[in-house]
Amino acid sequence: MEKKEISGNLTSDARTLKTLLPAQDILTFDFSDGKSRKYVCFFADALTDKDLLAEQALRPLGRYAGAPEAKTMATHVLSPEVRTGKDFQKLAEEVLAGNPVVLWEGADEGLIVGTKKITVRAVAEPPTDVAIKGPREGFIEDVKTNTSLVRRRLKTGELMIEMLTVGRRSATSVALCWLEGTCREDVVEEVRKKLSAIDIDAVPDSSYLTRFLTERPYSLVKQVGTTEKPDIFCAKLAEGRAGILVDGSPIALTVPYLLVEDFQSSEDYFVPAYRATFTRLLRLFALLVAIYLPAFYVAAQLFKLQLLPVKLLLTIAGSIRDIPLSPSLEMLLVLLVLEVLNEASIRMPKYVGMALSVVGALVLGETAVSAGFVSTPAIIIVAFSGIGLYAVPNLIEETSVLRLAMLLAAGSVGTYGIVLLTALTLVYLVSTENFGVPLGAPFAPFIRRDLRDTFVKYNLLSLKERPASLSSPNKRRQK
Amino acid sequence: MKLRSRQILFFLALIAPVGKLVLMPAQIVSVSKNDLLFPVLAQLLVQAALVFCVLLLARRERTLYSLIESAAGTVCARIVTVLFSAFLLFAAFLPVVEQKTLVRSIFYDTIPAYLVFTPFFLFSAYLCARPLSSLGRMWDILAPLSAVGLAGILLLSAGSADYGALSPAGAAGVQGFLGGTTSSCSWFFDSALLLVLIGRFPYTRGLAWKGTLCYLAGGGILLFLLATFYGVFAEIAVIQAHAFARMSGFFSGMTVLGRIDYLFIFAVAFVMTFYVILPMQGAVGTVTEAFGGKKALAPLLSAGVNLIMLILVYLFHFHTSQVIRAITGTLFWIFPVFSVLLPLLLLLIFGRRPHEKIS
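So the sequences go chain by chain: A and B. All the letters of the first sequence, read from the start, carry residue numbers 79 to 557 under my numbering. All the letters of the second sequence, read from the start, carry residue numbers 24 to 382 under my numbering.
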């Protein structure tokens with residue numbers, strides 16, 4: 079496409095820019111200065127702070143009586159964010175981003191004034207990562223606010239924030255953040271390369287980028303870390319990771335990702351180490367229960383009753399006696415109901431939620447049991463499993479699928495099916511790498527030093543070095 | 024991705040002993056009466072010496088194929104590799120059959136469907152298609168799992184064992200010792216497995232000694248397990264086919280807790296799955312390397328090998344005991360050829376330090 083540039087003829091220039099910006103919410107404002115020189119200002123109606131524009135740019139320009147060179151005129155504009163540009167395409171992009179553009183008769187360049195006004199919600203505690211102790215701030219949808227939250231926590235010149243644009247039509251701002259000298263250069267370069275190579279219409283959320291950042295884009299397992307909290311984000315940067323903030327998304331991404339990250343919570347670092355260790359082991363236990371309990375229950379009933387203690391076996395035998403469905407079908411049905419209830423409770427308005435709880439707990443739970451469709455142990459096991467899954471909320475997508483797969487393996491092959499599927503999953507997990515870092519580190523490959531901050535958490539004073547798994551060039555984090 | 028020397032040590036200490044816990048204990052008891060420890064000890068000592076030899080070969084950091092190729096040319100290297108891979112497949116047959124009988128015995132209360140073992144071959148095909156070096160990370164996980172599983176089984180069964188049943192030692196005489204040693208050859212080919220792995224891990228200082236000590240430590244665990252096994256069952260040990268899965272079943276707490284020993288048994292069975300697949304994976308890996316290492320070759324070979332193994336396993340489904348008798352009896356001599364003679368021969372040719380010239 080031919081690159082069009084400003085000609086100096088206001089009528090022609092304004093027409094060209096208007097052709098590129100035909101939408102009705104792109105407004106123009108004509109005025110003239112002390113020398114009767116004509117100006118046209120282009121701005122996006124809802125994205126521009128008009129008071130600020132008038133105060134900082136239009137009023138000074140209206141009084142201006144000097145030469146028509148853009149560089150000179152820019153010194154008279156009182157905005158701290160003023161630039162010049164010749165290319166119409168670039169000027170049009172600036173207008174669409176909320177930065178007004180001023181053209182005038184005899185102009186060599188256009189003035190771009192940074193008086194963007196975007197309505198953002200307040201910084202609040204993210205619902206997915208609540209902490210009883212510790213910071214309560216969460217990222218919001220505005221990338222500028224998010225970078226300020228990061229900058230406030232890392233007041234160092236080593237914090238690099240590089241702005242990139244992704245999306246052919248959305249032109250979404252993406253901030254690539256890292257600590258110079260702490261994050262591996264090849265990681266930053268690789269992220270930059272992958273982000274620049276993205277050719278997509280629009281990026282509505284950061285999750286869109288995760289698929290482009292991973293080496294196995296069709297993988298079942300996540301390979302990019304996510305967080306909604308600036309304190310966690312900064313801690314990850316300080317460990318030697320690179321972070322990505324996307325305009326329009328409160329969820330920040332971090333790479334390289336280790337599976338063990340999702341068992342760590344920010345609160346673990348604000349409570350005594352023994353408590354953190356206990357809660358991390360509890361999360362692991364809950365996750366294992368969530369994945370394996372329904373499967374083992376079905377396998378035990380179908381193939382290996384010896385797995386259960388005699389008294390429990392008798393209780394279960396009593397409650398499943400009159401159930402018309404096979405154990406695997408019964409469990410599958412109850413799990414599906416749980417998934418549906420879960421999905422519905424997230425989507426429906428809050429005031430209907432109470433009714434849903436009643437329907438879920440009483441109608442589908444108690445009534446189904448008393449009607450003899452499903453057994454009480456099945457309901458209890460699915461309830462345990464459902465709760466356990468939420469102990470590690472960042473892995474819900476993966477674990478719920480795995481739970482279903484385990485159930486199918488148990489129902490068809492029995493306990494041996496569970497063993498084989500576990501083996502397959504583990505082989506897959508340990509052979510996955512992203513940005514040169516194995517997903518299963520520090521367990522596979524085994525890195526003894528890094529075990530200090532995994533399921534067993536050492537005291538903060540013992541965590542003197544950054545995780546060796548990330549191969550940070552700056553190994554020490556405290557003396 | 025390369026194997027680490029640490030992972031080799033894990034394999035020798037905690038994964039290799041696991042493969043000898045299914046049919047071997049009862050088999051040796053049947054041949055050597057209560058003197059099952061001596062034949063196993065002899066095998067362990069021989070294998071430990073061979074492990075040392077193979078690890079000395081690993082100093083050159085070259086694979087088996089490239090070692091032979093450098094000395095005898097491509098054609099000879101390919102012939103040896105194919106023969107060696109054929110041996111590995113032959114050696115894999117007994118562990119696979121063992122695994123099948125184990126699965127049918129401990130994972131089901133009643134006799135399961137005929138084809139219930141088939142998913143094993145699907146998993147095996149997936150694993151065999153992966154490079155051998157990818158196993159290392161799995162060993163990092165399997166080693167502690169094996170330690171926990173074996174320790175759990177030992178803890179739960181030691182209380183029921185009467186170690187006095189092992190005496191008087193040596194009562195079976197030389198004949199019993201020799202019978203036990205020859206019939207256990209089919210389970211002691213770890214030096215051949217290690218041959219598959221040389222050149223895929225960096226040789227670190229003192230690895231040969233460390234590896235031998237680790238193998239002996241694993242052997243110690245194995246001997247303790249065998250002693251406990253015989254201590255628990257004494258004269259009826261001969262009919263206890265799945266030793267490790269049976270010996271912990273008499274723990275007194277199980278009436279209240281249920282069969283908690285199954286947690287440890289499943290852990291060991293899980294580790295065993297990988298050990299059983301290793302010879303097949305080794306066969307696929309070495310042949311792939313010898314014939315160009317094209318991307319599609321490994322999956323194709325893997326699928327073929329596992330399909331053949333599946334057919335053979337189901338073909339001999341009703342003749343399992345005869346097959347085991349043939350491998351451990353009539354054909355036992357094949358094992359020393361590849362697990363004793365081949366490493367020694369290679370050591371003779373390539374045993375000098377890497378910087379020394381081979382004339």
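Just so you know, even glycine gets a beta-carbon here, dropped at the ideal spot from N, CA and C. Here the structure is a predicted model, which means the values were calculated and not measured.
Exercise for review: Can you say whether A/D531 is buried or exposed, counting buried as having 16 or more other CB atoms within 10 angstroms of its CB?
Suggested key: A/D531 comes out buried.
Check your understanding: What three-state label does DSSP hand A/L78 in the structure shown?
Key -> Nothing about residue 78 of chain A can be read from this structure; chain A reaches only from 79 to 557.
Check your understanding: From A/S114, A/D528 and A/T94, pick the residue whose C-alpha is nearest to that of A/E339; which is it?
Key -> Closest by alpha carbon: A/D528.
Review point. Using a beta-carbon distance below 8 Å, is B/A292 in contact with chain A?
Key: For B/A292, the nearest CB of chain A lies under 8 Å from its own CB, placing it at the interface with that chain.
Exercise for review: Go ahead and label B/I334 buried or exposed: buried means 16 or more other beta carbons lie within 10 angstroms of its beta carbon, across all protein chains shown.
Suggested key: exposed
Check your understanding: Can you name the residues that DSSP bridges to A/K116?
Key -> A/S110
Exercise for review: Give every residue of the same chain whose Cβ lies closer than 8 Å to the Cβ of A/F462, excluding the five residues on either side of it in the sequence, and list them in chain order.
Suggested key: V367, A368 and L371
Point to revise | First through last residue of the alpha helix (DSSP H) which encompasses A/V436 | key: K428 to V436
**Study point:** Alpha-carbon to alpha-carbon, A/R247 and A/A280
**Key:** 6 Å
Check your understanding: On the three-state DSSP scale, how would you describe B/P62?
Key -> When secondary structure is reduced to three states using DSSP, B/P62 falls in the helix class.
Check your understanding: Relative to chain B, which residues along the region 383 to 412 of chain A have a C-beta separation below 9 Å, given in chain order?
Key -> L383, Q384, L385, L386, P387, V388, K389, L390 and L391
Review point. Which chain B residues sit within Cβ distance under 8 Å of A/L502?
Key: F146 and Y149
Check your understanding: A/N512 bridges to which residues according to DSSP?
Key -> A/V515
**Study point:** Proximity to A/L407 [Cα-Cα], best of A/V376, A/Q384 and A/F381
**Key:** A/V376
Practice item. Taking only beta-carbon positions, decide if B/V63 is within less than 8 Å of chain A. Key: no
Exercise for review: Measure from the alpha carbon of B/V5 to the alpha carbon of each residue in B/A109, B/G203 and B/I164, then state which is nearest.
Suggested key: Missing from the structure shown is residue 5 of chain B; chain B here goes from 24 to 382 and no further.
Review point. Would you say B/S385 faces chain A, with C-beta separation under 8 Å as the test?
Key: For chain B, the structure presents residues 24 to 382; residue 385 of chain B sits outside this window and is missing.
Exercise for review: Note down, in chain order, each residue of its chain lying with its Cβ closer than 6 Å to the Cβ of A/L416, except the 5 sequence neighbours on either side.
Suggested key: Closer than 6 Å at the Cβ level, and outside the excluded window around A/L416, lie V460 and G464.
Check your understanding: Of all Cβ atoms in chain B, is any one closer than 8 Å to the Cβ of A/P516?
Key -> It does; some Cβ of chain B falls within 8 Å.
Point to revise | Close beta carbons around B/L246, own chain, < 8 Å, minus the five adjacent residues each side | key: These residues qualify, in order along the chain: L60, V63, L64 and L67.
Practice item. Below 6 Å CB to CB, which residues in the same chain sit around B/R101 once its five sequence neighbours on both sides are set aside? Key: A313
Exercise for review: Report buried or exposed for A/L390, applying the criterion of at least 16 other Cβ atoms within 10 angstroms of its Cβ.
Suggested key: exposed
Practice item. For B/F256, I'd like the list of residues in its chain whose CB is within less than 8 Å of its CB, leaving aside the five on either flank, ordered along the chain. Key: Q263, R269 and M270
Check your understanding: How many Å lie between B/T133 and B/Y337 at the Cα?
Key -> In a straight line, the C-alpha of B/T133 is about 19 Å away from that of B/Y337.
Exercise for review: Please compile the residues from chain B whose C-beta is within a distance smaller than 8 Å of the C-beta of A/F462.
Suggested key: By Cβ distance, chain B contributes nothing, its closest Cβ being about 17 Å from A/F462, past 8 Å.
Check your understanding: CB B/F293 to CB B/L80, shorter than 8 Å?
Key -> no
Point to revise | 8 Å Cβ cutoff, B/G281 in contact with chain A | key: yes
Practice item. Decide if the region 69 to 83 of chain B is in contact with the region 210 to 228 of chain B; the criterion is three or more beta carbon pairs, one per stretch, under 8 Å apart. Key: yes
Exercise for review: Would you please verify whether the beta carbon of A/F363 is less than 8 Å from any beta carbon of chain B?
Suggested key: no
Practice item. Give a yes or no on whether the minimum CB-CB distance between A/P523 and chain B is below 8 Å. Key: yes
Review point. So with Cβ pairs under 8 Å, would you call A/L498 a contact of chain B?
Key: yes
Practice item. Leaving aside the five residues before and after B/S156 along the sequence, list all residues of the same chain whose C-beta is less than 6 Å from its C-beta, in chain order. Key: Only M24, K25, L26 and R223 meet the Cβ criterion.
Point to revise | Residues of its chain near A/A546, where Cβ-Cβ distance is below 6 Å and the 5 sequence neighbours each way are ignored | key: If we look at A/A546 and ignore the five residues flanking it on each side, its Cβ neighbours are I525, R527 and D528.
**Study point:** Residues sharing a beta bridge with A/M241, DSSP
**Key:** A/A253
**Study point:** Inter-residue Cα distance where the pair is A/G443 and A/A488
**Key:** A direct Cα-to-Cα measurement between A/G443 and A/A488 gives close to 24 Å.
**Study point:** Extent of the continuous beta strand (DSSP E) run through A/W182
**Key:** V179 to W182
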